[in-house]
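In this note's numbering, the protein residues as written are 11 to 337.
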Amino acid sequence: MVLSRRLEMRIVELYRQGVVTGGCYTGIGNEATSVGTALVLEGGDVLVPTHRDMGSHLVRGHTPLEIMRQYLKRATSQTGGRDTGLHLGREGSNIVGMISHLAHMMPVAVGVALAERMQDRRSVVLTTVGDGATSLGDFHESLNFAAVSKAPVVFVIVNNQYAYSTPTTLQFASKKLSDRATGYGMVGHTVDGTDVFEVLCATEEAVARARAGDGPTLLECVTMRMRGHSEHDDFKYVPAELIERWSAWDPVERLSAYLGEQGLLTPGARTQIEQAVAEEIEDAVHTAQAEPLPAPQSAVKDVFRRWDDRATVPDIETYEARRIRHG
Numbered sequence: 011m012v013l014s015r016r017l018e019m020r021i022v023e024l025y026r027q028g029v030v031t032g033g034c035y036t037g038i039g040n041e042a043t044s045v046g047t048a049l050v051l052e053g054g055d056v057l058v059p060t061h062r063d064m065g066s067h068l069v070r071g072h073t074p075l076e077i078m079r080q081y082l083k084r085a086t087s088q089t090g091g092r093d094t095g096l097h098l099g100r101e102g103s104n105i106v107g108m109i110s111h112l113a114h115m116m117p118v119a120v121g122v123a124l125a126e127r128m129q130d131r132r133s134v135v136l137t138t139v140g141d142g143a144t145s146l147g148d149f150h151e152s153l154n155f156a157a158v159s160k161a162p163v164v165f166v167i168v169n170n171q172y173a174y175s176t177p178t179t180l181q182f183a184s185k186k187l188s189d190r191a192t193g194y195g196m197v198g199h200t201v202d203g204t205d206v207f208e209v210l211c212a213t214e215e216a217v218a219r220a221r222a223g224d225g226p227t228l229l230e231c232v233t234m235r236m237r238g239h240s241e242h243d244d245f246k247y248v249p250a251e252l253i254e255r256w257s258a259w260d261p262v263e264r265l266s267a268y269l270g271e272q273g274l275l276t277p278g279a280r281t282q283i284e285q286a287v288a289e290e291i292e293d294a295v296h297t298a299q300a301e302p303l304p305a306p307q308s309a310v311k312d313v314f315r316r317w318d319d320r321a322t323v324p325d326i327e328t329y330e331a332r333r334i335r336h337g
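Below you can see the structure in the form of structure tokens.
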């Protein structure tokens with residue numbers, strides 16, 4: 011969680027300096043949710059994250075150097091300098107790269123879950139979505155289809171109080187977003203998204219349910235977006251008292267305080283962690299900055315399919331047999 015927070019704060023600094031360009035979206039304040047949910051997943055499970063899930067990416071194997079290459083648009087990045095932010099996946103870690111359109115990855119997550127089941131794997135798919143994206147049709151269609159097919163999916167709603175500048179009071183009328191689960195015939199829970207242990211426990215239960223074949227879960231993690239929608243947004247529309255109140259529930263500081271109370275983290279150890287994290291991040295920044303930007307002539311690379319590529323014809327009989335076997 012410390013690494014996630016410090017890495018994003020460093021990226022914000024680089025954005026302010028004009029080193030990082032384009033959109034700069036962070037998950038500062040959401041670390042307990044992004045880290046806590048990802049920690050539960052096993053190696054064969056699949057993560058379908060959003061643009062604020064830095065903690066999840068780090069838990070599943072992305073390094074600060076890989077992240078920094080992406081933000082600095084280096085040719086060595088996973089997107090070859092063609093994209094920025096957390097628009098990247100990781101095949102070896104089963105991270106499905108996201109697209110910008112919010113909620114559009116939810117049907118993808120359901121499809122991946124069904125594909126895993128058809129191949130007789132016990133994998134669980136976990137995907138996240140913000141509170142604002144729950145108003146989109148993809149959200150509702152995904153929940154309905156997943157519930158009907160008992161897809162092994164965990165839907166995590168990161169309720170961070172604002173959909174860009176729209177507060178939750180103008181976004182939905184229900185008291186809890188998890189209440190929507192009832193209408194689709196699935197289990198729904200709401201937890202404190204700033205408490206990593208509460209997030210862990212709820213996610214463990216949801217993942218176990220999915221793996222046992224008991225269907226999807228809608229898990230709402232209530233937290234606060236402590237920055238603007240993006241770094242170009244000064245978020246003056248958020249009342250100062252609201253920011254002050256949620257600052258007292260900072261997930262990183264809450265965990266640090268708890269570990270200190272339990273005698274598991276001394277002030278000296280916390281300082282050592284901060285120093286080690288800072289060094290790792292600075293090494294990543296310096297290494298990435300020394301690497302080349304993509305060559306202009308590479309802009310058309312991978313845009314079109316090669317003429318000699320052949321489409322793969324699916325085995326219809328096998329597919330139908332599996333479909334019947336799995337209902």
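Every residue, glycine too, gets a C-beta built ideally from N, C-alpha and C.
Model, not experiment: these values are computed from the prediction.
Proximity to residue i [Cα-Cα], best of the options
i    : options                   : result
C231 : E289, V209 and E241       : V209
Q299 : P74, G198 and V50         : P74
A157 : G198, T144 and L146       : G198
N104 : G71, L180 and F207        : G71
G121 : H111, L136 and L112       : L136
L57  : F165, L24 and L265        : F165
A113 : L275, V139, S159 and R84  : V139
V118 : R127, S110 and V106       : V106
E251 : E263, H111, S240 and M236 : M236
L96  : Q80, G102, R255 and A143  : Q80
R280 : Q272, S266, A218 and E289 : S266
R100 : G54, G238 and L13         : G54
M234 : V22, G33, G28 and G39     : G39
V134 : E52, L275, P302 and V22   : E52
P162 : I109, A222, N154 and E290 : A222
A48  : H296, T227 and D63        : D63
F207 : G91, S175, V248 and V262  : V262
H111 : I253, H242, L146 and R92  : L146
P226 : L68, K160 and V22         : K160
P306 : G90, S257 and A173        : G90
E214 : E254, A123, T43 and P177  : T43
K186 : Q27, N169 and R92         : N169
V201 : A216, H150, Y194 and T192 : A216
Y194 : P177, G203 and L153       : L153
P304 : R84, D243, A123 and M128  : R84
V69  : E41, M78, L82 and T94     : E41
G238 : P177, E76 and E151        : P177
M19  : V295, A183, V310 and D224 : V295
R15  : L98, P302 and E284        : E284
Reduced DSSP category for residue i - H, G, I as helix; E, B as strand; rest coil
i    : result
M165 : Rather than Met, the amino acid found at residue 165 in this sequence is Phe. F165 falls in the strand class under three-state DSSP.
D55  : coil
A173 : strand
G140 : strand
D27  : Residue identity differs from the one stated: residue 27 is Gln in this sequence, not Asp. If DSSP states are grouped into helix, strand and coil, Q27 belongs with coil.
P249 : coil
M236 : coil
S184 : coil
T6   : There is simply no residue 6 to check, as the chain begins at 11 and stops at 337 in what is shown.
I38  : coil
Y194 : coil
P261 : helix
P306 : helix
T213 : helix
V69  : helix
H11  : For the sequence presented, residue 11 should be read as Met rather than His. Coil at M11, not helix or strand.
V313 : coil
G147 : helix
A279 : helix
G270 : helix
Inter-residue CB distance, residue i and residue j (contact presumed, cutoff 8 Å)
i    : j    : result
Q116 : D141 : According to the sequence as given, residue 116 is Met; it is not Gln. No, M116 and D141 are not in contact; Cβ-Cβ is about 14 Å, not under 8 Å.
V50  : M11  : Incorrect: roughly 15 Å between the Cβ atoms, too far for contact.
L229 : A218 : With 8 Å as the limit, L229 and A218 do not qualify as a contact, their Cβ atoms being about 13 Å apart.
S175 : Y247 : 5 Å
M108 : T60  : 6 Å
R345 : D205 : Because the chain is modelled from 11 through 337, residue 345 falls outside the range shown and cannot be assessed.
Those residues which DSSP pairs with residue i across a bridge
i    : result
H199 : L229
is_contact[residue i, chain B] using C-beta, thresh 8 Å
i   : result
R92 : No chain B appears in this structure, which consists of one protein chain only.
### Query
Curious, which full-length beta strand (DSSP E) runs of at least 3 residues does the segment 99-138 contain?
Runs found: none.
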